[in-house]
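Have a look at the structure below, then the notes.
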Amino acid sequence: MSRTVAVVGGGVIGLAVAWRAARSGWAATVYDPRVGSGASWVAGGMLAPLSEGWPGEDDVLAVGAASLDRWPEFGTELERATGETLFTSQSSMTVALDAADASDLRTVAEWLDGRGYRLDLLTRAQIREAEPSLAPTVRLALLAAAEFAVDNRALVRGLRSAGEAAGVRFVAETVADVEALPADQVVIAAGTASTRLWPGLPVRPVKGEVLRLRHRPGVAPAPTRTIRASVHGRPVYLVPRGDGLVVGATQHESGDDTAVTVAGVRDLITDAQTLMPSIGEYELYETAAGLRPMSPDNLPILGRVSERVVVATGHGRNGILLTPLSADAVVAALSGTDLPEAAASRPDRFRHTSADAAVHANADAPVRK
Ligand code: GLY
């Protein structure tokens with residue numbers, strides 16, 4: 518008889534864990550009152566561990582790159598199994614609008630080069646040829662040829678249907694107590710709610726607001742790559758979709774608030790238009806906000822916390838990127854082994870899993886651009 522596992526949380530992490538666990542012989546059940554309705558549904562879907570890297574964050578780079586390596590096989594298998602189209606762009610470009618941004622791009626390129634990742638710096642003329650819709654004020658770009666993007670909503674649908682085909686059961690209930698779950702093993706993959714189920718996990722919510730834009734006839738086409746930049750010190754990105762773009766994302770530490778604010782939408786539109794002047798002609802058809810489950814050191818928290826419980830949370834801005842690696846790490850933990858590529862994500866790296874530890878570790882975290 519197969520062993521049973523209860524997966525709490527039906528976002529992309531919980532769904533991928535359940536699918537992969539079921540394929541490894543576990544009888545898996547996902548508990549979530551509204552599968553796929555949280556941060557997974559709001560996400561942009563860019564997979565950018567290299568171009569979002571920053572000197573000093575070597576473990577974040579290594580874990581992200583290990584998951585990016587798994588994505589082509591993971592995504593292709595899911596596409597074949599479900600008929601969903603996941604991949605929406607093949608590469609990403611981080612662009613500089615001023616001298617300070619250009620200097621940051623050179624710093625990142627040099628740091629990556631020292632770690633075996635060769636990314637190209639593109640001149641103004643090369644940028645205009647590659648992405649004519651970008652503003653002429655874009656002066657330098659870092660091209661990451663292997664950083665593609667996926668449609669997060671197709672991913673949610675695909676993981677759910679692949680799970681169902683593999684025998685995963687779904688229970689539309691909120692779990693209040695993991696002790697009460699009728700299963701041999703429990704996986705907590707509940708994003709920011711994970712701390713309610715396992716108090717002391719150092720995860721905090723960071724709200725992100727996102728826009729969805731549709732291309733209209735006669736308007737200049739959107740970029741074909743993911744475009745990232747910093748405008749007035751605010752990060753902004755444009756992620757291609759079949760019918761247009763996802764524009765993201767704000768970052769606010771405001772508890773469990775998921776309201777979309779006027780200021781958030783205004784900033785995203787202003788910053789996106791600085792990058793791509795024709796964006797004002799697009800249809801704005803959706804605004805949404807999600808809560809990123811942020812850890813103190815920007816690494817996920819993956820692994821065993823008791824004889825019966827494994828956690829998979831703390832994915833911060835990188836839940837979609839880290840989905841394949843997280844599923845492999847959790848399935849390894851369920852069978853009593855460790856995935857070496859996920860070693861830096863072990864829960865026991867925090868001195869004590871208390872709110873105090875989160876505050877202290879956060880104070881030590883590297884300062885990002
Ligand atoms: N995945 C990018 C963000 O959270 O903004």
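All you need for my numbering is the position in the sequence shown, starting with 1, plus 517. Don't be surprised by glycine CBs; every beta carbon is placed ideally from N, CA and C. Every value quoted in this text rests on a predicted model; they were computed, and no experiment measured them.
Same chain only: Cβ atoms within 8 Å of residue i, ignoring 5 sequence neighbours per side
i    : result
A882 : Because the pLDDT at A882 is just 35, under 50, the model does not fix this residue reliably, and the value given afterwards should be weighed accordingly. Contacts found: P813, D814 and N815.
G772 : P722
G631 : none
A776 : A806
Residues of its chain near residue i, where Cβ-Cβ distance is below 7 Å and the 5 sequence neighbours each way are ignored
i    : result
A859 : V580, L819, L842 and A846
N835 : G581
P566 : L578, G581, A582, L585 and L838
V736 : S795, E798 and Y799
L629 : L567, G570 and L636
Q790 : I796 and G797
V695 : V525, V703, I705, L714 and V826
Simplified DSSP assignment, three categories, for residue i
i    : result
S711 : helix
V525 : strand
S795 : helix
I530 : helix
F591 : helix
G675 : helix
G725 : strand
L585 : helix
D865 : helix
R751 : strand
S519 : coil
V703 : strand
A746 : strand
P757 : strand
S557 : helix
V685 : coil
T599 : helix
S606 : strand
L578 : helix
T546 : strand
R540 : helix
L856 : coil
L838 : coil
L851 : helix
A535 : helix
Minimum Cβ-Cβ distance from residue i to chain C less than 7 Å
i    : result
I530 : Chain labels in this structure do not include chain C; a single protein chain is all it has.
Any non-hydrogen atom of the ligand GLY within 6 Å of residue i CB
i    : result
G680 : no
Contacting residues, own chain, Cβ-Cβ under 6 Å from residue i (five flanking each side not counted)
i    : result
T712 : L718 and V720
T691 : P550
T599 : G675, S678 and A679
A560 : N669 and I837
V605 : In the sequence as presented, Val is not what sits at residue 605; that position holds Thr. Cβ within range, chain order: A666, D668, P757 and R758.
A539 : A545, A683, G684 and V685
L785 : L728 and V764
R745 : T611 and Y754
E596 : L603
Q607 : F665
A613 : A619, L622, R656 and L657
V884 : At V884 the pLDDT is 39, less than 50, meaning the model places this residue with poor confidence; the figure from the coordinates comes in the next sentence. Excluding sequence neighbours, V884 sits near nothing in its chain.
Strictly closer than 6 Å from CB to any heavy atom of the ligand GLY: give me those residues in the order they appear in the chain. This criterion selects A560, G561, G725, G765, A766, R809 and R834.
Segments of 4+ residues assigned as alpha helix (DSSP H) that fall wholly inside the segment 760 to 831: Within the segment 760 to 831, the complete alpha helix (DSSP H) runs of at least 4 residues are 779 to 792.
- Complete alpha helix (DSSP H) runs within the segment 608 to 672 (minimum length 4 residues, chain order): Taking only runs of at least 4 residues, the alpha helix (DSSP H) segments lying wholly in the segment 608 to 672 are 616 to 630 and 641 to 647.
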